[in-house]
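Residue numbers (the UniProt record's numbering): 1 to 222. We treat Cβ as the ideally placed atom computed from N, Cα and C, and that holds for glycine. Notes follow the structure.
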């Protein structure tokens with residue numbers, strides 16, 4: 001899943017980026033509100049983390065411009081503790097959730113997971129489950145009928161995206177856009193390798209190939 005982090009506090013942004021990457025997310029970071037307006041609308045992010053106290057353009061104005069342009073990407077706003085007025089204004093402007101600073105990294109991770117599930121119509125699932133597989137995001141592994149199957153970091157990222165989009169045809173270019181940040185070289189051959197590794201671990205029919213279109217997560221095993 002590809003995230004946009006808009007935060008002008010460099011030490012905090014570095015800490016959040018490292019933590020999110022460790023959780024298997026591709027992260028792009030911006031510090032200026034003006035850049036965020038353009039970037040948020042031009043790149044296919046799965047979720048945006050937005051600080052409100054930004055240089056260039058305040059976070060609330062950035063959010064308002066995104067929503068006015070029709071951007072439906074889930075937005076989690078970061079606010080100073082006790083700034084209840086900011087939280088209310090952020091929710092009115094179209095934020096999906098908020099988190100007050102300082103916060104525990106695990107709380108941020110859990111809120112991100114909940115927002116991503118909600119965006120895919122899976123809000124009632126405390127854990128990501130699809131077609132017989134149970135994904136443990138904390139341990140970055142998957143299980144079937146209680147048996148754990150270990151995954152590499154790349155396999156975990158790919159499988160999580162498939163499980164959030166069951167039954168959908170996902171092209172290689174679409175997957176690359178959502179699995180890698182803006183600085184990473186995107187190689188469709190690498191994706192094919194990871195798909196084949198998942199098939200070996202989970203069963204050949206878990207991920208179907210649609211010739212000329214891409215892949216479909218079916219969740220069946222052989």
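message: Suppose contacts are defined by Cβ-Cβ distances below 9 Å. Is residue 136 in contact with residue 26 by that definition?
response: no
Buried/exposed call for residue 222, threshold 16 Cβ in 10 Å: Residue placement at residue 222 is poorly supported in this model, since its pLDDT is 44, which falls under 50; the coordinates are not used for a value here.
task: Could you have a look at residue 8 and say whether DSSP puts it in helix, strand or coil?
output: coil
message: What residue range does the beta strand (DSSP E) around residue 172 cover?
response: First-last for residue 172: 172-179, but that is the alpha helix (DSSP H), not the beta strand (DSSP E).
task: Output the distance between the C-alpha atoms of residue 164 and residue 51, rounded to the nearest integer angstrom.
output: 26 Å
task: Could you work out which residue in 140, 106, 94 is closest to residue 75 when comparing CA atoms only?
output: 94
message: Can you tell me where the alpha helix (DSSP H) holding residue 168 begins and where it ends?
response: Residue 168 -> no alpha helix (DSSP H), and no H or E assigned at all.
- prompt: Can you tell me the Cα-Cα spacing of residue 195 and residue 216, whole angstroms?
  reply: 11 Å
message: With a threshold of 8 Å on Cβ separation, who are the neighbours of residue 144 within its own chain once the five nearest residues in sequence on each side are excluded?
response: 132, 133, 134, 202, 221
- prompt: What's the gap between the Cα of residue 104 and the Cα of residue 88?
  reply: 22 Å
message: Under 8 Å, with one C-beta from each stretch per pair, do the stretch 143-162 and the stretch 105-113 reach the 3-pair mark?
response: no
- prompt: Can you check whether the CB of residue 32 is closer than 9 Å to the CB of residue 4?
  reply: no
message: Buried or exposed for residue 91, going by 16 or more other Cβ atoms inside 10 Å?
response: exposed
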